[in-house]
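When you read off a place in the sequence shown, starting at 1, and then add 826, the result is the number in the numbering used here.
No residue lacks a Cβ here, since even glycine has one placed at the ideal position from N, Cα and C.
This structure is a prediction, so every number in the text was calculated from the model and none was measured.
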Amino acid sequence: MSDLDVSMKDMMAIDGAIGAAVVDYNSGMALGTLGSSKSLDLQVASAGNTEVVRAKLRTMEQLGIKEEIEDILITLSGQYHVIRPVTGRKGKGLFLYLALDRGRANLALARHRLKQIKENLTI
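Laid out in structure tokens, this is it:
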């Protein structure tokens with residue numbers, strides 16, 4: 827089993843997880859997806875969230891902000907969507923995407939766990 831597969835299974839083991847992906851934000855393509863929801867198209871979500879990451883990076887550059895994005899959180903009435911860019915040479919240009927059922931998820935715990943998964947990911 828590849829490290830990518832392990833990372834996605836670890837993301838889906840987070841309480842409330844309904845979908846997970848590892849995405850290349852240069853191309854907008856998902857390197858891998860895993861999900862349990864028929865209503866969440868992870869390929870579409872990966873491409874759409876690529877635009878969110880690109881827009882934020884552009885804005886930070888225009889503002890002269892030299893910090894790294896920890897995560898981007900999108901809250902919906904029934905879901906949380908967490909985007910965590912992978913930093914460092916081993917995963918530059920990638921982000922982790924996790925969709926959570928808001929009623930079953932603990933957002934703080936999910937963010938903490940996603941950080942750990944990101945730190946262990948090698949591609």
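R884 carries a helical assignment under DSSP once its states are collapsed to helix, strand and coil. Spatial neighbours of G845 in its own chain (CB-CB distance under 6 Å, excluding positions within 5 residues in sequence) are listed in chain order as G861, S863, L866, L868 and A925. A straight-line Cα-Cα distance of about 5 Å links L922 and V848. Checking the DSSP bridge columns, you'll see H907 partnered with I900 and A925. Shown here for I840: same chain residues with a beta carbon closer than 6 Å to its own, the five before and five after excluded, namely A936 and R939 in chain order.
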